[in-house]
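Written below as structure tokens is the structure these notes are about.
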């Protein structure tokens, strides 16, 4: 089973990169399942129903969120009817939407997608580790789910690494999102779980985390209130990771970085078909 995860889509450059590149990649790489983090897709702040539909139409099988889940208020409503949009599972009970979803991959496999948000330097939500235990116990790998994908949306790499080892052998992939910078620690953990601390972003890398550079720089220099952050407008890149998952065990057999577009060294899995 071939799986692609793409990091946080930031603004129009990220959306355009997904729309222009993903349909071809699904065919070229014979992808069975694609998950995209879309929490910054609407100008860098949240997601709208129209944008969610665009990402799904481009080839995503599920879209995950994070701390900007509700920046676009309409998400509180449409998330209830969009069963492939997954917000962090450790939001308090009664929060609209769902923190996990079982989707059907192109090859017929049942894929559990779980989204949680860290608590270090983030909003104080419920315990993400208890949320992960709850969701994976209800839909265990190899019994109910053929693959398990976890998007751990967090600041601290220590918290993300702890989640990777906590779920090693019980998830196909644990990948971090939120910091918008791809890390170099991609690997398969001893128990067979693919892991990366942050998948990076889909957006304009000639920026500061996908935002136009001038205002963030001014804030660091002056430490005074200023203009609203605006998404950068240059050409976007795709950033994420590709995983080959064993059909029998649901664990990872290979993992490769994906970086397609300007400003970053290109990287791709060895899946190009003749």
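In our numbering, the protein residues as written are 1 to 274. Just so you know, even glycine gets a beta-carbon here, dropped at the ideal spot from N, CA and C.
Can you check whether the CB of residue 255 is closer than 8 Å to the CB of residue 194? Closer than 8 Å, so yes.
Please say whether residue 237 and residue 263 have beta carbons closer to each other than 8 Å? Remark: C-beta atoms of residue 263 and residue 237 approach each other more closely than 8 Å.
Inter-residue Cα distance where the pair is residue 123 and residue 90: 11 Å
Alpha carbon of residue 16 to alpha carbon of residue 211, nearest angstrom: 16 Å
Do residue 8 and residue 180 have their C-beta atoms within less than 8 Å of each other? yes
Can you have a look at residue 103 and say buried or exposed, based on whether 16 or more other CB atoms are within 10 angstroms of its CB? buried
Local Cβ density within 10 Å of residue 5, reported as buried at 16 or more and exposed below that: Residue 5 should be labelled buried.
Check this for me: beta carbons of residue 260 and residue 21, under 8 Å apart or not? Yes, these two residues count as a Cβ contact at 8 Å.
Go through the stretch 37-87 residue by residue and report every complete run of the beta strand (DSSP E) that reaches 3 residues or more, in order. 62-64
For the stretch 40-54 against the stretch 63-74, are there 3 or more C-beta pairs whose distance is under 8 Å? The stretch 40-54 vs the stretch 63-74: in contact.
If you reduce the DSSP assignment to three classes, tell me which class residue 266 lands in. coil
For residue 113, is the beta carbon positioned less than 7 Å from some heavy atom of the ligand SAH? This structure lacks the ligand SAH, and indeed carries no ligand of any kind.
Exposure of residue 199, with buried meaning 16 or more beta-carbon neighbours within 10 Å: buried
Taking the straight line between their C-alpha atoms, what separation do you get for residue 112 and residue 55? The straight-line gap separating the alpha-carbon atoms of residue 112 and residue 55 is approximately 19 Å.
Cβ distance (whole Å) where residue 172 is taken to contact residue 144 below 8 Å: Not confirmed; about 13 Å, so no contact.
Which runs of the alpha helix (DSSP H) at least 4 residues long sit entirely within the stretch 127-190? Give them in chain order. 128-138, 157-166
Once DSSP output is grouped into helix, strand and coil, what is the label at residue 105? coil
Cα-Cα separation between residue 13 and residue 231, rounded to whole angstroms: 9 Å
Would you list the residues sitting across from residue 203 in a DSSP beta bridge? 237
I need the straight-line Cα distance from residue 95 to residue 63, nearest angstrom please. 17 Å
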